[in-house]
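Participant: The opening residue of the sequence shown carries number 32 in the working numbering; numbering runs sequentially from there. A virtual CB, placed ideally from N, CA and C, is assigned to each residue, including glycine.
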Amino acid sequence: MRINVFKTKQEASIEIAKIMDDLVASKPDASLGFATGSTFILTYAEMAKLSKINKTDYDHVRTFNLDEYLNTKGDEPFCYRYFMNEKLFKHLNLSPQNINFPAVDIDYSSLKTNEYDQIIDNIGIDIQLVGLGRNGHIAFNEPGSSKSTGTRVVKLAQTTIEDHANHFFGGNVEKVPKEAVSMGVASILKAKKIILAAWEKPKAEAVAHLFSTEPETSQWPVTYLKWHNDVDVFITEEILNNIDQKFLANPSLELIKYW
Ligand code: GLP
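(1) Of all residues in the structure, which have a C-beta closer than 6 Å to any heavy atom of the ligand GLP, taken in chain order?
(2) Checking 7 Å against the spacing of the C-beta atoms, do Leu63 and Thr94 come in under that value?
(3) Apply the 10 Å Cβ neighbour rule to Asn272 and answer buried if 16 or more other Cβ atoms are within range, or exposed otherwise.
(4) Mind checking whether Ala222 and Gln159 have CB atoms under 7 Å apart?
(5) Name the one or two DSSP bridge partners that Phe95 has.
(6) Out of curiosity, what's the CA-to-CA distance linking His168 and Glu231?
(7) In or out: Thr191 buried (at least 16 other Cβ within 10 Å) or exposed?
(8) Any chance you could list the alpha helix (DSSP H) runs of at least 4 consecutive residues sitting entirely within the region 236–264, in chain order?
(9) Are the CB atoms of Ala61 and Asp157 nearer to each other than 7 Å?
(10) Spatial neighbours of Gly68 within its chain, please: C-beta separation below 6 Å, excluding the five flanking residues on both sides.
(11) List the whole-angstrom C-beta distance separating Glu245 from Tyr255, where the pair is believed to meet the contact cut-off of C-beta under 8 Å.
(12) At least one CB of chain B closer than 7 Å to the CB of Trp290: is that the case?
(13) Going by beta carbon distance, what residues of the same chain come within less than 8 Å of Ile297, once the five residues before and after it are set aside?
(14) Going by Cα to Cα distance, which pick from Met78, Phe132 and Lys206 is closest to Val212?
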């Protein structure tokens with residue numbers, strides 16, 4: 032696992048954006064997996080900038096988002112579809128029919144075939160961006176999620192509700208939807224390449240669990256990424272400085288400092 036450490040989230044985000052822009056330039060029909068939340072806001076701004084400078088063509092690119100709040104229409108400002116459109120999609124020449132989100136208005140418990148997982152299986156995601164909850168969740172796969180999970184309805188953990196309240200709902204936990212639909216761990220792990228990013232100290236404990244030599248555990252879903260063969264982790268010096276040395280002694284970590 033490559034650990035790319037930057038002084039600031041700005042520098043790290045520029046690097047991630049370059050990787051995405053380069054991929055689309057070399058593979059015009061690339062399929063990109065996106066995450067919402069605060070972590071990738073700067074990456075998306077930089078991708079938008081690069082697409083203008085480099086005239087990167089997104090016309091044949093397909094996108095897959097990790098998650099969305101349950102029973103929402105996508106057009107309210109707190110929705111992930113709205114977020115992606117504002118932060119990135121409207122700045123690129125994506126074709127609307129190539130933008131994919133998990134359906135939030137169907138009964139997953141009675142599904143015979145899970146369409147979102149099937150499309151992802153058939154097309155294959157080239158690069159999946161993954162954010163991290165301070166409780167170790169990836170997408171909305173909260174602690175307790177198994178490695179074989181598919182796209183499904185999930186209940187949000189209390190820490191997730193609190194973090195979302197602070198970032199997107201003016202601190203009001205009552206306003207945060209309590210359920211969402213999330214791509215499962217199994218689909219995330221099928222991506223050819225995964226880029227995980229985390230910037231602030233509260234996430235250091237979850238990152239440490241990913242770095243440790245201990246086996247994967249459902250209590251820290253991020254640890255499922257340990258055995259994927261192409262994971263690039265982008266963190267700040269702030270995160271690195273808050274990880275106990277014993278977690279960094281893992282011989283399978285390749286630590287690269289960009290300063
Ligand atoms: C949220 C979302 C994820 C996101 C992650 C980190 O709960 N479900 O898709 O990547 O948790 O969020 P943030 O980037 O705001 O810290």
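Facilitator: By the coordinates alone:
(1) Qualifying residues, in the order they occur: Ala66, Thr67, Gly68, Ser69, Thr70, Leu97, Asp98, Gly162, Leu163, Gly164, Ala170, Phe171, Thr191 and His198.
(2) The residue you call residue 63 lines up with position 32 of the sequence shown. The residue you call residue 94 lines up with position 63 of the sequence shown. Their beta carbons are under 7 Å apart, which means Leu63 touches Thr94 by this criterion.
(3) For the purposes of this step, residue 272 is identified with residue 241 of the sequence shown, where counting begins at 1. When all chains shown are included, Asn272 counts as exposed.
(4) As a working mapping, residue 222 is identified with position 191 in the sequence shown. As a working mapping, residue 159 is identified with position 128 in the sequence shown. Yes; because the gap between Cβ atoms is below 7 Å, this pair is in contact.
(5) On the sequence shown, position 64 is the one that residue 95 refers to. Its beta-bridge partners are Gly64 and Asn131.
(6) Position 137 of the sequence shown holds residue 168. Position 200 of the sequence shown holds residue 231. C-alpha separation (whole angstroms): 15 Å.
(7) For the purposes of this step, residue 191 is taken as the residue at position 160 of the sequence shown. That one is buried.
(8) none
(9) To locate residue 61, count along the sequence shown from 1; it is residue 30. To locate residue 157, count along the sequence shown from 1; it is residue 126. Taking 7 Å as the Cβ cut-off, Ala61 and Asp157 qualify as a contacting pair.
(10) Translated into positions along the sequence shown, residue 68 becomes position 37. Gly162.
(11) Within the sequence shown, the letter at position 214 stands for residue 245. Within the sequence shown, the letter at position 224 stands for residue 255. The pair is not a contact, with the Cβ atoms about 13 Å apart (cut-off 8 Å).
(12) This model lacks chain B altogether; it includes just one protein chain.
(13) With the chain running from 32 to 290 in the structure shown, residue 297 is simply not present.
(14) Locating residue 212 in the sequence shown gives position 181, counting from the first residue. Distance check between Val212 and each of Met78, Phe132 and Lys206 places Phe132 closest, using alpha-carbon atoms only.
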